[in-house]
Structure formats: C-alpha cells, structure tokens
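Numbering (the numbering used here), first residue to last: 59 to 342. Let me begin by presenting the structure, written as structure tokens, before commenting on it.
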C-alpha cells in the first residue's frame, strides 16, 4: 500500500513538474539588440534594462548583440531568441520574411511614438519646396537608413519629377556628412534626421520639408514564448515610465525616451507600403 502511494505521489509530482515547464518554457530568456552602435556601447545602454526586467519579472534575462542586421532578423524570426529590440525597417522585413510576432511595446520619444526625417537646404537657397527639385543635386545616405534614404527616396519618387540619375551614386556615410555636403554647396538638398539638422542649423541650413511619419522602434517576442510571459513583460515595459528607476533605465538607452507605449502591427502599415514600393523601384 505504501509503495503504491509513493508511486502515485511520484507520478503526480512529475506531472506537476511537466506542467510548470510548459507554463514557463525557459528559465533564461534572451533579449537581442541589433548592432546599431558598438557592442560596448550597446551593452552599456541595455544591461540596465536587462537587469530591470529580470528583477521585475523574476525571469533570468540575458543580453545578446547581433553580429549584423540580417542575423538579428533571422534570430527572432526563427525563435532563436526570446525578445528583440528592433528598428521599424527591420521589423517590416521580419514580418515579410517570417510572419507576425507578438509586439510588447514601442518607444515614445519626447511624447511622440513616431519620427520624421527632414530635407535640408542652405539658408541662401532659392528652393522653397520639393516640387522645385527637378535637376537638383540630392544627397542621400546609406540605402538601409530609414531617415536618410528609404523614406526620402520614396518621397522623392512620389513627386514624379526626379529619378535616380540626379541622386548621388555613392551614398554618403553619415547624416553629418550629408549636412556638411549641403553646407559646402556640393549638393543642393539632403535628407537627414532632425537632430543633425538642429546641430548644423546655425551654420547656415534651412528646413525644406519633412518626410512621412514612421512608427518608432519596438520590442517583439518569439512566437514560442508563453502568453503569460508575454503579458508580464508587456506590463513591465509599459509601466516603466511610472517609476523614477524605470524611466532612468529607458533614458539610459536614449535620453529623450518618455515612455514605452502599446503598439500593433498596423502602426507600420505606411512603412510596409514604402518598403514595398522601394523594392519595386530597385528591381526595375
């Protein structure tokens, strides 16, 4: 009788253990970040977030820095990592390649959950609108850059008056290079992020136009992560703005972050259309 009870208890314990393992499939979760800065700088900025999430959730969360953007997209796409911080273009590419992933939250910067690039000209330029750019010299950035190439390139084509022949053949390396090229007179107009425009505005630059609004960077999860874990992580991220410690961690990533806010795939619909159009333009 005692032997039978012991066997029954053992079976029940094993069943309970199996149930717990199914609810929390991983004791250690990996948060992956794309290599938009040096590994040292990314570790400096994101380690406090990893520690904060670990403390608040009770999960053991570790940081992984992608070797390149393609690897980063593949790792979250194939569920090799549990959480990923992504730029909007990388997110669209992820969905196109691997399908939808659960979204935790997106950045809100200075109270806005979107960003816009800007077209700049010299203050003494006679150009007053994008409609006047026919036969003008236009400086864009790296072809993977959202604000200095992908979105402005699409916008320029939408005007119907320009083509790639008048856009610089060798993209300039940085937003700063574009600003300096316009200031020096090598180009009539350039596309940069607002912070760079503000840095060089006093030296003789003027805002010509803004690009369409693009939804901000975001956090997504593996499709294999249990729904309960996803909800716990989502609530922690969205509530970080409500505590001094949480907000300090966010602003350690980017000083102007004001919150993490709810997001859906539909927030990126316009960017999907832009990228689709860009892919078509480059294939013809």
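We treat Cβ as the ideally placed atom computed from N, Cα and C, and that holds for glycine.
When the options are compared against residue i, the one with the closest alpha-carbon
i	options	result
residue 136	102, 90, 179	90
residue 274	116, 163, 158, 140	163
residue 123	97, 170, 103	97
residue 333	190, 119, 205, 107	205
residue 327	158, 126, 293	158
residue 170	316, 301, 320	316
residue 284	102, 160, 105, 152	160
Assigned exposure category for residue i - 16 Cβ within 10 Å defines buried
i	result
residue 265	exposed
residue 303	exposed
residue 76	Per-residue confidence for residue 76 stands at a pLDDT of 48, beneath the threshold of 50, marking its modelled position as unreliable; the derived number appears in the next sentence. Exposed, because fewer than 16 other Cβ atoms sit within 10 Å of the Cβ of residue 76.
residue 74	Here the model assigns residue 74 a pLDDT of 47, short of 50, so the residue's position is not dependable and the matter cannot be decided.
residue 86	exposed
residue 251	buried
CB contact flag (residue i, residue j, <9 Å)
i	j	result
residue 329	residue 147	yes
residue 318	residue 115	no
residue 324	residue 134	no
residue 100	residue 113	no
Endpoints, the beta strand (DSSP E) within which residue i is located
i	result
residue 177	176-180
residue 277	276-279
residue 316	315-319
residue 118	118-123
residue 166	161-167
residue 201	Run containing residue 201: none; DSSP gives neither H nor E here.
residue 88	86-91
Residue interval of the alpha helix (DSSP H) (run including residue i)
i	result
residue 306	302-311
Mind the definition here: the segment 88-105 touches the segment 128-135 only if three or more C-beta pairs lie below 8 Å; say whether that holds. yes
With three or more beta-carbon pairs closer than 8 Å as the criterion, would you say the segment 181-190 touches the segment 151-169? no
Taking 8 Å as the threshold, find out whether the segment 243-256 comes into contact with the segment 193-210 through three or more Cβ pairs. yes
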